[in-house]
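Read through the structure below, which is laid out as structure tokens, and then see the notes.
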Amino acid sequence: MTERKTRVLVVDDQPQIVRALRINLSVRGYEVFTAATGAEALTTAADHKPDVIILDLGLPDMSGIDVLAGLRGWLTAPVIVLSARGDSTDKVEALDAGADDYVTKPFGMDELLARLRAAVRRATVVDTDEPVIETSSFTVDLAAKKVTKNGVEVHLTPTEWGMLEMLVRNRGKLVGREELLKEVWGPAYAKETHYLRVYLAQLRRKLEDDPSHPVHLLTEAGMGYRFAP
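One point on numbering: in the UniProt record's numbering, the residue at position 19 of the sequence shown is 19, and numbering is uninterrupted.
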């Protein structure tokens with residue numbers, strides 16, 4: 001039986017970028033879908049269930065952030081934001097809205113493809129025979145890649161899961177910022193510390209009973225993070 005191709009949805013209103021991405025992704029064995037507007041992106045995502053999405057923030061009909069919010073209501077596939085806006089505020093806003101990565105235009109095709117491969121890899125790693133870790137607030141099942149709180153499954157993006165998994169696997173130990181960035185995002189991200197602040201805040205909102213006073217997902221100022229069961 002033929003293995004299903006990885007499906008990529010490219011959302012951008014610039015024809016030359018869409019064409020370049022379609023060609024480069026297709027020759028590497030990806031199945032490519034495209035959309036030029038936010039509305040078309042939401043419809044195409046619902047119809048084709050992509051494995052990863054490349055999303056431009058500057059769309060003609062709505063903000064890419066709004067598209068991201070619409071997708072994150074039901075889709076767990078990683079989203080790589082592609083934007084001409086390089087300000088760190090824009091990056092944090094996109095990450096906070098559920099993006100898994102942020103690439104600034106103009107971009108190098110090799111770098112974008114590497115980030116896409118990393119995003120897909122994070123989303124598809126499967127573990128077996130792993131323990132279930134229980135805390136007073138939530139339960140982490142490493143084998144099933146699932147988190148529950150008060151008996152209800154908590155929706156995590158692939159990147160949120162990657163960060164939580166790294167901390168849980170090293171429970172009780174300090175995980176350095178650079179180590180965490182390299183493990184979850186890749187070596188090129190060793191200095192992107194704002195990613196960690198954003199994602200830890202998201203995890204605390206979803207998992208801690210009192211996010212402003214966390215007892216399980218702890219920050220060690222200037223050094224890194226620690227998971228306390």
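The C-beta atom is built at its ideal place from N, Cα and C for all residues, glycine as well.
Output needed for residue i: all residues of its chain with C-beta closer than 7 Å, excluding positions within five of it in sequence on either side, in chain order.
{"i": "Pro-50", "result": "Arg-7, Val-8, Leu-9, Phe-33, Ala-77"}
{"i": "Gly-70", "result": "Leu-42"}
{"i": "Gln-162", "result": "A small correction: the amino acid at residue 162 is Gly; Gln does not occupy that position in the sequence shown. These residues qualify, in order along the chain: Arg-122, Val-184."}
{"i": "Leu-75", "result": "Ala-45"}
{"i": "Thr-135", "result": "His-216, Pro-229"}
{"i": "Pro-187", "result": "none"}
Can you grab the Cα-Cα spacing for the pair residue i / residue j, in whole Å?
{"i": "Lys-206", "j": "Ser-83", "result": "27 Å"}
{"i": "Glu-160", "j": "Glu-178", "result": "17 Å"}
{"i": "Thr-204", "j": "Ala-119", "result": "For clarity, residue 204 is Arg in the given sequence; the question names Thr instead. For Arg-204 and Ala-119, the distance between alpha carbons rounds to 22 Å."}
{"i": "Glu-93", "j": "Val-52", "result": "20 Å"}
{"i": "Ala-97", "j": "Leu-68", "result": "7 Å"}
{"i": "Ala-123", "j": "Val-140", "result": "17 Å"}
{"i": "Arg-117", "j": "Ala-144", "result": "22 Å"}
{"i": "Ala-46", "j": "Arg-72", "result": "12 Å"}
{"i": "Ala-20", "j": "Thr-148", "result": "41 Å"}
{"i": "Val-27", "j": "Met-223", "result": "42 Å"}
{"i": "Ser-88", "j": "His-194", "result": "8 Å"}
{"i": "Ile-65", "j": "Lys-182", "result": "26 Å"}
{"i": "Pro-15", "j": "Lys-91", "result": "24 Å"}
{"i": "Glu-40", "j": "Leu-156", "result": "25 Å"}
{"i": "His-213", "j": "Tyr-189", "result": "28 Å"}
{"i": "Pro-60", "j": "Pro-211", "result": "36 Å"}
{"i": "Gly-151", "j": "Ala-221", "result": "32 Å"}
{"i": "Gly-29", "j": "Lys-191", "result": "31 Å"}
{"i": "Lys-5", "j": "Gln-202", "result": "31 Å"}
{"i": "Ile-17", "j": "Val-11", "result": "10 Å"}
Looking at the strands, I want to know which residues DSSP matches up with residue i.
{"i": "Thr-193", "result": "Thr-193 is not bridged to any residue."}
{"i": "Gly-224", "result": "Gly-176, Glu-220"}
{"i": "Val-147", "result": "Val-140"}
{"i": "Val-152", "result": "Lys-149"}
{"i": "Val-198", "result": "Per DSSP, none; premise fails for Val-198."}
{"i": "Val-132", "result": "Asp-141"}
Could you pull out every residue in the same chain whose Cβ sits closer than 8 Å to the Cβ of residue i, ignoring the five residues on either side in sequence?
{"i": "Leu-142", "result": "Asp-127, Glu-130, Pro-131, Val-132, Ile-133, Glu-165, Val-168, Arg-169"}
{"i": "Tyr-225", "result": "Leu-167, Leu-174, Val-175, Arg-177, Leu-180, Leu-196, Leu-200, Leu-217, Leu-218, Thr-219"}
{"i": "Ile-80", "result": "Val-52, Ile-53, Ile-54, Leu-55, Ala-99, Asp-100, Asp-101, Tyr-102, Val-103, Leu-112, Arg-115, Leu-116, Ala-119"}
{"i": "Gly-172", "result": "Arg-226, Phe-227, Ala-228, Pro-229"}
{"i": "Met-63", "result": "Residue identity differs from the one stated: residue 63 is Ser in this sequence, not Met. Counting only Cβ-Cβ distances below 8 Å, and skipping sequence neighbours, we find Gly-38, Leu-57."}
{"i": "His-48", "result": "Arg-7, Leu-9, Phe-33"}
{"i": "Asp-13", "result": "Ala-36, Thr-37, Asp-56, Gly-58, Leu-59, Pro-60"}
{"i": "Glu-153", "result": "Lys-146, Val-147"}
{"i": "Phe-107", "result": "Leu-82"}
{"i": "residue 230", "result": "In the structure as shown, the chain begins at 1 and stops at 229. Residue 230 is therefore absent and cannot be evaluated."}
Given residue i, which residues of its chain have a CB within under 6 Å of its CB, disregarding the five upstream and five downstream residues?
{"i": "Thr-104", "result": "Gly-86"}
{"i": "Leu-95", "result": "Val-198"}
{"i": "Asp-209", "result": "Ser-137"}
{"i": "Met-109", "result": "Asn-24"}
{"i": "Arg-22", "result": "Val-32"}
Checklist entry - Enumerated in chain order, which unbroken segments of the beta strand (DSSP E) with a length of 3 residues or greater are wholly contained in the UniProt domain "Response regulatory" (7-120)? => result 7-11, 31-35, 52-56, 79-83, 101-104
Checklist entry - Taking only runs of the alpha helix (DSSP H) that begin and end inside the stretch 155-193, which ones reach a length of at least 4 residues, in chain order? => result 158-169, 177-184
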